[in-house]
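Number of protein chains: 2
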Amino acid sequence: MARTLDDLAELSGVSRATVSRVINGGPVSAATRRRVLEVIEGTNYRPNLAARSLASGRTGVVGVVMHVDPPLLFEDSYFVALLHGVSDVLADRASGMMLWLGNRSKEETLNRILGTGLMDGVIVTADNLDDALVDGLLASDLPTVLIGHRRSDLTASYVDVDNVGASDTITTHLIEIGRTRIGHITGRRGTVAGEDRLSGYLRAMRRAGLKTDDLIVEGDFNRPSGLSGGEILLDREVDAIFCANDAMASGALQSVRARGLSVPEDVALAGFDDLPFAAELDPPLSTIRQGVHAQGSESAKALLSLLQNPEGGPRRVLLPTELVIRQSTVGVLSG
Amino acid sequence: MARTLDDLAELSGVSRATVSRVINGGPVSAATRRRVLEVIEGTNYRPNLAARSLASGRTGVVGVVMHVDPPLLFEDSYFVALLHGVSDVLADRASGMMLWLGNRSKEETLNRILGTGLMDGVIVTADNLDDALVDGLLASDLPTVLIGHRRSDLTASYVDVDNVGASDTITTHLIEIGRTRIGHITGRRGTVAGEDRLSGYLRAMRRAGLKTDDLIVEGDFNRPSGLSGGEILLDREVDAIFCANDAMASGALQSVRARGLSVPEDVALAGFDDLPFAAELDPPLSTIRQGVHAQGSESAKALLSLLQNPEGGPRRVLLPTELVIRQSTVGVLSG
DNA sequence: TGTATGTTTGAGAGCGCTCTCAGGAGGAGG
DNA sequence: CCTCCTCCTGAGAGCGCTCTCAAACATACA
Numbered sequence: 001m002a003r004t005l006d007d008l009a010e011l012s013g014v015s016r017a018t019v020s021r022v023i024n025g026g027p028v029s030a031a032t033r034r035r036v037l038e039v040i041e042g043t044n045y046r047p048n049l050a051a052r053s054l055a056s057g058r059t060g061v062v063g064v065v066m067h068v069d070p071p072l073l074f075e076d077s078y079f080v081a082l083l084h085g086v087s088d089v090l091a092d093r094a095s096g097m098m099l100w101l102g103n104r105s106k107e108e109t110l111n112r113i114l115g116t117g118l119m120d121g122v123i124v125t126a127d128n129l130d131d132a133l134v135d136g137l138l139a140s141d142l143p144t145v146l147i148g149h150r151r152s153d154l155t156a157s158y159v160d161v162d163n164v165g166a167s168d169t170i171t172t173h174l175i176e177i178g179r180t181r182i183g184h185i186t187g188r189r190g191t192v193a194g195e196d197r198l199s200g201y202l203r204a205m206r207r208a209g210l211k212t213d214d215l216i217v218e219g220d221f222n223r224p225s226g227l228s229g230g231e232i233l234l235d236r237e238v239d240a241i242f243c244a245n246d247a248m249a250s251g252a253l254q255s256v257r258a259r260g261l262s263v264p265e266d267v268a269l270a271g272f273d274d275l276p277f278a279a280e281l282d283p284p285l286s287t288i289r290q291g292v293h294a295q296g297s298e299s300a301k302a303l304l305s306l307l308q309n310p311e312g313g314p315r316r317v318l319l320p321t322e323l324v325i326r327q328s329t330v331g332v333l334s335g
Numbered sequence: 336m337a338r339t340l341d342d343l344a345e346l347s348g349v350s351r352a353t354v355s356r357v358i359n360g361g362p363v364s365a366a367t368r369r370r371v372l373e374v375i376e377g378t379n380y381r382p383n384l385a386a387r388s389l390a391s392g393r394t395g396v397v398g399v400v401m402h403v404d405p406p407l408l409f410e411d412s413y414f415v416a417l418l419h420g421v422s423d424v425l426a427d428r429a430s431g432m433m434l435w436l437g438n439r440s441k442e443e444t445l446n447r448i449l450g451t452g453l454m455d456g457v458i459v460t461a462d463n464l465d466d467a468l469v470d471g472l473l474a475s476d477l478p479t480v481l482i483g484h485r486r487s488d489l490t491a492s493y494v495d496v497d498n499v500g501a502s503d504t505i506t507t508h509l510i511e512i513g514r515t516r517i518g519h520i521t522g523r524r525g526t527v528a529g530e531d532r533l534s535g536y537l538r539a540m541r542r543a544g545l546k547t548d549d550l551i552v553e554g555d556f557n558r559p560s561g562l563s564g565g566e567i568l569l570d571r572e573v574d575a576i577f578c579a580n581d582a583m584a585s586g587a588l589q590s591v592r593a594r595g596l597s598v599p600e601d602v603a604l605a606g607f608d609d610l611p612f613a614a615e616l617d618p619p620l621s622t623i624r625q626g627v628h629a630q631g632s633e634s635a636k637a638l639l640s641l642l643q644n645p646e647g648g649p650r651r652v653l654l655p656t657e658l659v660i661r662q663s664t665v666g667v668l669s670g
C-alpha cells in the first residue's frame with residue numbers, strides 16, 4: 001500500500017514531481033498520466049494534507065465561525081440551518097470544514113483561528129454592528145466572507161438579505177390593510193438585523209405620513225421580550241404590531257390573546273424569518289421569508305470563489321426575501 | 336513580527352530546538368525559558384499546525400462525525416445539543432474541531448476523514464446497529480469514540496446511556512400506577528435506541544406478567560408515526576402508551592385528544608429524551624431524561640483521554656438517566 | 001542541417017516543525 | 001586533578017508535499 005508520493009513514483013517508474021502533477025492536474029503526457037493513474041487506482045493512496053499545506057499553503061479546509069452563546073445556538077434553528085447550507089456546498093468542493101463556536105472568548109477564538117494555519121478561508125456570522133472577532137478576521141490575511149453583516153467598509157465579502165427593504169415591505173403591507181397605529185418591537189440593539197429592520201419600518205411609516213412617536217419598543221429577539229413589548233404597545237392602543245422576528249411575534253400574540261383581543265381583527269401581527277413554527281401559530285403568522293439555508297450555501301460559494309480568484313475583488317451577495325401573507329394580518333383567506 | 340521558530344530563536348539568542356522545547360514544555364533551564372517566553376510575549380508568534388502535524392503526526396484537531404440526513408439534523412435538537420457538549424470540552428483542550436455531516440455518501444465521508452490526516456481522532460454518532468462508516472472508522476487506525484452505540488465487539492470506546500434499563504424503569508412506573516394494557520410505539524427499527532428501548536419495555540412487562548401480544552406498534556422516532564401508532568393502540572383499548580421518544584409521544588397525545596379521551600385518566604402517556612418541549616405539553620409529559628449535552632462532553636473527554644494514553648484500553652462510559660414524572664402519568668400533582 | 005519553439009520530465013530546494021543524538025558545562029566523588 | 005554523571009543545549013535529519021529551474025527531447029521552420 002502506497003503511503004507517499006515517493007512510493008507512487010517508484011511503483012510507476014516516474015519521479016515524485018510527475019506524480020504530483022498527475023494528482024494536481026499539471027501538464028503531463030497522456031501516456032504517463034494513464035500509467036500513474038493506474039498505479040494510484042490500485043493503491044488507495046491519500047495525499048497528506050498537512051504536508052500539502054506546508055508546501056503550498058493550501059489545505060482545502062474552510063472554517064465556519066459562529067461565535068454565539070451556545071444556548072442561543074442550541075435554541076435557534078437559524079444557525080443550524082445556516083450550517084446546513086454551508087456544509088451542503090462545502091461537501092462537494094472543499095476537503096473539510098472546521099467549526100468554531102462561541103465557547104471561548106472572542107480574542108481567544110480569533111487567535112486560535114489565525115494560529116492553526118490549517119484553513120484556506122473562513123465564513124463568519126456577523127450579527128453585531130461591532131465585533132472584535134469579525135474585525136480581526138477582516139484585518140488578517142485570511143480570506144473571509146461575512147454572513148448577515150454588510151460592513152460599511154466596502155472591502156469585505158458578505159452575504160446578506162436586505163433587512164431594510166423587507167421590513168419596509170411588510171410594514172407597507174400593514175399600512176395597505178388599513179392600519180395606522182402600527183407598533184414595532186425591535187430586535188436587540190446593536191445588531192445589524194435589529195437596526196436595519198427598525199430603519200425599514202421607519203422608512204415605510206414616514207413615507208405613509210404615519211406617526212411613530214410612542215410606537216417603538218425595544219426587544220431582544222427573544223420571545224419574552226415580545227410578550228412584554230406587546231403589553232406596552234397594547235396599552236398605547238395600536239392596531240398592528242410588527243416584530244423584528246417570529247419568536248417575538250409569538251410572544252406578542254400571547255399578549256394580545258391575554259387581553260381577549262383577536263388577531264387580526266383588533267390587532268394585526270407580523271414577524272420576520274418565517275421559521276417553521278410561524279405557519280403553525282394560531283392564527284398563522286404573516287412574516288418575511290428569508291432563505292437561511294441559501295444564506296449558508298451562498299456564503300460558501302462566495303468563499304470558494306474568493307479562494308479561486310482572490311483578485312476578483314470582494315464578493316457581495318444580497319439575497320431576496322419574500323413577503324408571506326397569512327391570517328395574522330388578513331384574517332380568513334377566502335378560498 | 337516573528338513568524339517561525341527560527342525567528343524566535345534568533346531574537347532570543349538560542350537554537351530553534353530550545354524554543355521548541357519552551358513551547359512544548361521540554362527540559363529547559365529556568366533562565367532560558369524566561370528569556371524565550373519574554374520574546375514570545377512581544378511577538379504574537381503562532382505555531383504552524385501543518386508543520387507540527389507533519390513533523391510529529393499530531394495536530395490537536397478532533398473530528399466530529401454526525402452522518403445523519405441534514406433534515407434530521409435540522410429538526411432535531413438532539414444533535415445540536417450533542418455538538419454543544421462536545422465543543423464545550425474541546426474548546427479548552429483541543430486546537431480545533433472538524434465537522435463531518437451527512438451530505439456525502441458514507442463511503443465518501445469515510446475516505447475523506449481518513450484521507451485528511453489532519454485529525455488526531457474522531458467522535459462519531461452511531462445510531463444504527465450496522466453502519467459502514469462506523470465500522471470503517473473502527474477498523475482504521477484513527478482513535479475513535481462512539482456516541483450512542485454500544486458495540487458488541489468490546490474493543491471500541493463509546494459513550495452511551497442504558498436504554499434498556501431506562502425503558503424498563505419508565506414501563507415499570509406505568510405498571511406501578513396500575514396500568515395493565517400498556518402499548519409501546521417503537522423507534523425506528525435497526526437503530527440501537529429503538530431496539531434497546533423495546534427490550535426494556537418487554538423486560539418490564541414480562542416481569543410483571545403482562546401480555547404484550549397486540550400492544551407493540553412500529554414507529555420511526557418522528558411525530559407522525561406517534562400519531563398513527565397512537566390511533567392503532569387506542570383501537571386496541573390500551574390504558575397507557577410508552578413512546579420510544581418525546582416527538583412520537585406528542586403525536587400520540589394528539590391521537591388521544593382526537594378521540595375525546597383524557598390523559599392520564601383514560602390513557603397514561605410516557606416518552607423518552609426529555610427534550611425542552613416535553614415539559615410544555617398539555618399535560619406535561621412523563622419521560623426519561625438523558626443528558627444529551629453530557630453525552631457530547633463525555634465523549635470528548637473519552638477521546639482526549641484516549642489520545643493521551645492510547646494504551647489504556649477502550650474507554651466505556653454509560654451515563655445515568657433519570658425518570659421524570661409529570662402529569663401525563665400521574666394527573667395533577669398534589670402540592 | 002541549424003536554429004527557434006514547445007512539451008515533458010527530473011532534480012532539488014524548501015515549507016516550519018519535532019526529535020534524536022551528541023557535545024559542553026558544571027558538580028560530585030575518588 | 002581526573003573521571004563520572006547529570007543537566008542543558010545545538011546541530012541536523014527528516015515529515016510528505018509543491019514548485020521552480022533547467023535539462024532532455026520533439027517538432028517546426030528556414
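Just so you know, the sequences run in chain order A and B. First residue of the first sequence? That's 1 in the working numbering, and the numbers climb one at a time after it. First residue of the second sequence? That's 336 in the working numbering, and the numbers climb one at a time after it. In this text, a Cβ means the ideal position worked out from N, Cα and C, and glycines have one as well. All values derive from a computational prediction rather than experimental measurement.
Contact set for residue i: own chain, Cβ-Cβ below 8 Å, skip 5 residues either direction
i	result
A:G232	As written in the sequence, residue 232 of chain A is Ile, which differs from the Gly given in the question. V217, listed in sequence order.
B:M454	T394, V396, V397, G398, M433, I448 and L477
B:D581	G606, F607, D608, D609, L610, F612, A613, L620 and T622
A:G230	I185, I241, G251, A252, L253, Q254, S255 and V256
Beta carbon of residue i nearer than 8 Å to that of residue j
i	j	result
A:V124	A:V65	yes
A:L37	A:V19	no
A:P264	A:T212	no
B:D617	B:V527	no
A:L54	B:A386	yes
A:R336	A:P27	Since the first residue shown for chain A is 1 and the last is 335, residue 336 of chain A is missing from the structure and cannot be characterised.
A:V292	A:G96	no
B:A539	B:I510	yes
Simplified DSSP state of residue i, which is helix, strand or coil
i	result
B:G670	Residue placement at B:G670 is flagged as unreliable, the pLDDT there being 42, under the threshold of 50; a coordinate-derived value is accordingly withheld.
A:V39	helix
A:G136	helix
B:D497	coil
B:L596	coil
B:M432	strand
B:T479	strand
A:E322	strand
A:I120	Looking at the sequence shown, residue 120 of chain A is not Ile but Asp. Reduced to three states, the DSSP call for A:D120 is coil.
A:T287	strand
B:F577	strand
A:A2	coil
B:S590	helix
B:S391	helix
A:L269	strand
B:T664	helix
B:G348	coil
A:S29	coil
A:T109	helix
Same chain, Cβ closer than 6 Å to residue i, five either side skipped, listed in chain order
i	result
B:A344	S350, R351 and V354
B:V659	D609, T622 and R624
A:G331	P264
Cβ shell of residue i (< 7 Å), same chain only, five flanking positions each side left out
i	result
A:K106	H67, A132 and L133
A:V39	L8, L11 and S12
Original post:
Would you say the segment 611-629 of chain B touches the segment 642-651 of chain B, given that touching needs at least three Cβ pairs under 8 Å?
Top reply: no
Original post:
Are at least three pairs of beta-carbons, each pair with one atom in the segment 290-299 of chain A and one in the segment 85-99 of chain A, less than 8 Å apart?
Top reply: yes
**OP:** Take every Cβ of the segment 506-523 of chain B, pair it with every Cβ of the segment 482-494 of chain B, and state whether three or more of those distances are shorter than 8 Å.
**Re:** no
Original post:
Where are the beta strand (DSSP E) runs, 3 residues long or more, that stay fully inside the segment 504-558 of chain B, in chain order?
Top reply: 517-520
Subject >> the segment 530-537 of chain B / the segment 493-510 of chain B touching (three or more Cβ pairs under 8 Å) >> reply: yes
Original post:
Touch check for the segment 546-562 of chain B and the segment 580-594 of chain B: three-plus C-beta pairs under 8 Å?
Top reply: yes
Subject >> At least three beta-carbon pairs within less than 8 Å, the segment 572-580 of chain B to the segment 503-519 of chain B >> reply: yes
Original post:
Between the segment 376-386 of chain B and the segment 411-418 of chain B, do three or more beta carbon pairs fall short of 8 Å?
Top reply: no
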